[in-house]
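J.: Residue numbers (the working numbering): 94 to 341.
1) Report yes if the C-beta distance between residue 213 and residue 259 is below 7 Å; otherwise report no.
2) Buried or exposed for residue 197, please, with buried defined as at least 16 other CB atoms from any protein chain shown within 10 angstroms of its CB.
3) Return the chain-ordered list of same chain residues with a C-beta closer than 6 Å to the C-beta of residue 211, the five sequence neighbours on each side being excluded.
4) Between the Cα of residue 177 and the Cα atoms of 186, 119 and 158, which residue gives the shortest distance?
5) Taking only the alpha-carbon atoms, compute the straight-line gap between residue 304 and residue 189 and give it to the nearest angstrom.
6) From what residue to what residue does the beta strand (DSSP E) around residue 133 run?
7) Looking only at C-alpha atoms, which of 107, 151 and 241 sits nearest to residue 274?
8) Alpha carbon to alpha carbon, how far is residue 110 from residue 104? Give it in angstroms, no decimals.
9) When the Cβ atoms of the region 161-168 are set against those of the region 94-108, are three or more pairs found closer than 8 Å?
10) Would you decide whether residue 113 is buried or exposed? Buried here means 16 or more other CB atoms lie within 10 Å of its CB.
11) Taking the alpha-carbon positions, what's the residue 264 to residue 209 distance?
12) Counting along the chain, where does the beta strand (DSSP E) carrying residue 309 start and finish?
13) Nearest to residue 257 by alpha carbon, out of 307, 116, 121 and 175?
14) Check the DSSP bridge columns for residue 158 and list the partner residues they point to.
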């Protein structure tokens, strides 16, 4: 079940907790991808809070928002790059995308296998994708006050197994959102300190979300190459290169 785009916008842009979550997720993503110069960057679900740093340098940025969720224009005050799409049928060419971010898309999808197949299709050779999902053991997946409390939370092993099953190769992983999902002032003031401390804790237990970076696995062609020569070539065209005139 996808959340409504208005609820997602209100959380990330109009609440203190949402802005703190945006800051934490964006910081971890930029550790993986400091820049995306001359690349095509795509986000699926509600990934726009993490895409802004790439607007200036990327060749193209596109925010793909599924129909059940709804769409909003983004970024504010600039040329719109968001588009409403069918969840498993994206209006992108095969192999077009260099960097892909999936946020609030996989855990809420009713067709996760088909969604991953579409992610694999549009990701180009050498491209990289980051999948962000709620941690089943984390506090954020247990609270319906945030978008991470909806859908199917994952363990790290479950997510990586799912990615491998659909042609991805997990390269590295991390977690984020170590602070409790509460608006209380004490926790909000301590949020940055808690995030720094949380990075030294085990990934599987500490964070509210998992972030797994994966590449596209392309299988080499199978079988053997066999050369076949023509057994008895026809000499129909012999003499065409140097024709000889015949007397009448």
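Beta carbons are placed, not taken as given, at the ideal position from N, Cα and C, and that holds for glycine.
T.: So, to answer that:
1) Your numbering for residue 213 matches position 120 in the chain shown. Your numbering for residue 259 matches position 166 in the chain shown. Yes, these two residues count as a Cβ contact at 7 Å.
2) Sequence index remark: in the chain shown, residue 197 carries index 104 (1-based). Buried, because 16 or more other Cβ atoms sit within 10 Å of the Cβ of residue 197.
3) Position 118 of the chain shown, counting from 1, holds the residue named residue 211. Counting only residues of its own chain and dropping the five nearest sequence neighbours on each side, residue 211 has a CB closer than 6 Å to the CB of 181 and 183.
4) Counting from 1 along the chain shown, the entry for residue 177 is found at position 84. Of the listed residues, the one whose Cα sits closest to residue 177 is 158.
5) Position 211 of the chain shown, counting from 1, holds the residue named residue 304. Position 96 of the chain shown, counting from 1, holds the residue named residue 189. Using only the alpha carbons, I get a separation of about 22 Å.
6) Taking the chain shown and counting its residues from 1, one reaches residue 133 at position 40. Where residue 133 is concerned, the enclosing beta strand (DSSP E) stretches over 133-138.
7) Within the chain shown, the letter at position 181 stands for residue 274. Looking at the Cα atoms, 241 is the closest of the given residues.
8) Within the chain shown, the letter at position 11 stands for residue 104. Within the chain shown, the letter at position 17 stands for residue 110. Rounded to the nearest angstrom, the two C-alpha atoms are 8 Å apart.
9) yes
10) Within the chain shown, numbered from 1, the residue matching residue 113 stands at position 20. Residue 113 should be labelled buried.
11) Reading the chain shown from its first residue, position 171 is the one you call residue 264. Reading the chain shown from its first residue, position 116 is the one you call residue 209. So the alpha carbons of these two residues sit roughly 17 Å apart.
12) The residue given as residue 309 occupies position 216 in the chain shown. Residue 309 -> beta strand (DSSP E) spans 302-309.
13) For the purposes of this step, residue 257 is taken as residue 164 along the chain shown, with counting starting at 1. By alpha-carbon distance to residue 257, the top candidate from 307, 116, 121 and 175 is 307.
14) For this step, residue 158 is matched to residue 65 along the chain shown. Partner(s): 177.
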